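Have a look at the structure below before the remarks.
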Ligand code: PMP
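Residue numbers (our numbering): 815 to 1174.
What follows is the structure, given as structure tokens:
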């Protein structure tokens, strides 16, 4: 077996321990004589799997009882629509911060349902920072205020949450959920695709305050109504059974590592290994302002597209894959989610140093 260091932005590397356990249990899950993939979602065994997954996530994130945890499908992209459809109910207005391509897509979708105001944007500077926000500009009557907590493509992260007062804060946490502790009570709703820090694609996690559920218009398709899934414990229809099973094991893996406080320490250590090198390199440069740097997605460039391509090719030949930046920004991007070992980043930096010595 020859596993590579996989720096993909998502789907991305998963903890090896989890993959091994899944492999062990693939043909016969705990004496059931079948794989989790093959079992009824209504079986006792599966009920326990989904119940335990939710319990582990609640423990990890300290999710209070007045929040529902929903295991859905459709990706974070479906949440771009489900959030306004379910939440834009009183003033039919919402504030959004435009911090990148995903935020832009969320904005575009929300505009179908009501009035969207963009209260901050870093688009003019190719999203290399988080725009400063003035609470005086916020709509006090907005139904919610939306941020993308970590911008996967551009590598920025909100380090300070906007103070939205009584207006529920909604966050797309697709690329930084479980990377550090969060105070769930500061949010009305959190959503994230699983395929970065939680498990395989096909599962979307929504954490929503109870009072925000149940206000969707009657014309809302049943499957797009949070209430449908909240009332049915994410079992209204067949949930993404295998993805939930793997995510549950990933939650337990993070708990065993010491939870989100410890996870953040490791993540900061990994990110700093790369940032410290980038800050003094004569060849590679980070593309984001220091204060707003993500600890999950780290974009960087050399002075030319040719050198970028050469580096990516050499890295790949040595087992460091998926370092190509998103097509919109070019250059390189190292996504170093929870499951990327420290050693992977150490070796990447060593590779970059060697490349610099030969090409600077
Ligand atoms: N939001 C963010 C921040 C993302 O990184 C992504 C995917 N990379 C999405 C939304 C879209 O997610 P999905 O593919 O699950 O719809």
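Glycine included, each C-beta is placed from N, C-alpha and C at the ideal position.
All figures in this text were calculated on a predicted structure; none of them were measured in a lab.
**Study point:** Length at least 3, wholly inside the stretch 877–908: the beta strand (DSSP E) runs in chain order
**Key:** Fully enclosed beta strand (DSSP E) runs of 3 or longer: 881–886.
Exercise for review: Rounded to whole angstroms, what's the CA-CA distance from residue 859 to residue 826? Just pull it up for me.
Suggested key: Spanning the two alpha carbons is a distance of roughly 28 Å.
Exercise for review: Helix, strand or coil for residue 954, going by three-state DSSP, please let me know.
Suggested key: coil
Exercise for review: Leaving aside the five residues before and after residue 972 along the sequence, list all residues of the same chain whose C-beta is less than 7 Å from its C-beta, in chain order.
Suggested key: So the qualifying residues of the chain are 944, 961, 963.
Review point. How big is the Cα-Cα spacing for residue 981 and residue 864?
Key: 31 Å
Practice item. Check the C-beta distance from residue 1011 over to residue 1151 and give it rounded, since I have them as a contact under 8 Å. Key: 5 Å
Check your understanding: What number of angstroms, rounded off, separates the C-alpha of residue 1133 from the C-alpha of residue 818?
Key -> 5 Å
Check your understanding: Going by DSSP, what residues sit across from residue 1113 in a beta bridge?
Key -> 1147
Exercise for review: Report the rounded CA-to-CA distance for residue 846 versus residue 1064, giving the unit in angstroms.
Suggested key: 22 Å
Point to revise | Residues bridged to residue 1201 (per DSSP) | key: Residue 1201 falls outside the range modelled here, since the chain spans only 815 to 1174, and no answer is possible.
Review point. Roughly how many angstroms lie between the CA atoms of residue 942 and residue 984, to the nearest whole one?
Key: 22 Å
Check your understanding: So, helix, strand or coil for residue 1005, using DSSP?
Key -> strand
Practice item. Please report the Cβ distance between residue 1168 and residue 1146, rounded to the nearest whole angstrom; I am assuming they are in contact, meaning their Cβ atoms lie under 8 Å. Key: Not quite, the Cβ-Cβ distance comes to about 15 Å (not below 8 Å), so this is no contact.
Check your understanding: If you draw a straight line from the C-alpha of residue 1044 to the C-alpha of residue 1164, how long is it?
Key -> 48 Å
Practice item. With residue 934 as the anchor, note down where its alpha helix (DSSP H) starts and where it stops. Key: Counting along the chain, residue 934 falls outside any alpha helix (DSSP H), though it belongs to the beta strand (DSSP E) covering 929–935.
Practice item. Check each candidate in 816, 855, 848, 824 and name the one with the smallest Cα separation from residue 1046. Key: 855
**Study point:** Cutoff 8 Å; reference residue 935; Cβ partners in own chain excluding five residues on either side
**Key:** 911, 912, 913, 945
Exercise for review: Tell me whether residue 962 counts as near the ligand PMP, meaning its Cβ is closer than 7 Å to at least one heavy atom of that ligand.
Suggested key: True, at least one ligand heavy atom lies under 7 Å from that Cβ.
**Study point:** N- and C-terminal bounds of the alpha helix (DSSP H) containing residue 874
**Key:** 858–875
Point to revise | Closest Cα partner of residue 1103 within the set 1097, 1084, 1112, 1095 | key: Looking only at 1097, 1084, 1112, 1095, the smallest Cα-Cα distance to residue 1103 is reached by 1112.
Check your understanding: Would the C-beta of residue 986 count as close to the ligand PMP, meaning under 7 Å from any of its heavy atoms?
Key -> yes
Exercise for review: Measure the CB-CB distance between residue 880 and residue 1024 and report whether it falls below 8 Å.
Suggested key: yes
Review point. Does the separation of the CB atoms of residue 867 and residue 1061 fall below 8 Å?
Key: yes
Exercise for review: Starting from residue 1082, follow the alpha helix (DSSP H) in both directions and report where the run begins and ends.
Suggested key: 1073–1094
Check your understanding: Any idea which residues DSSP pairs residue 1134 with across the strands?
Key -> Residue 1134 is bridged to 819.
Check your understanding: Could you check where the alpha helix (DSSP H) with residue 913 kicks off and where it finishes?
Key -> Looking at the DSSP string, residue 913 is not in any alpha helix (DSSP H), and its letter there is neither H nor E.
Review point. Does any heavy atom of the ligand PMP sit closer than 7 Å to the C-beta of residue 913?
Key: No.
Exercise for review: For my contact list, residue 877 and residue 998 are in at a C-beta cut-off of 8 Å; report their separation, rounded to the angstrom.
Suggested key: Contact holds; Cβ gap of about 5 Å.
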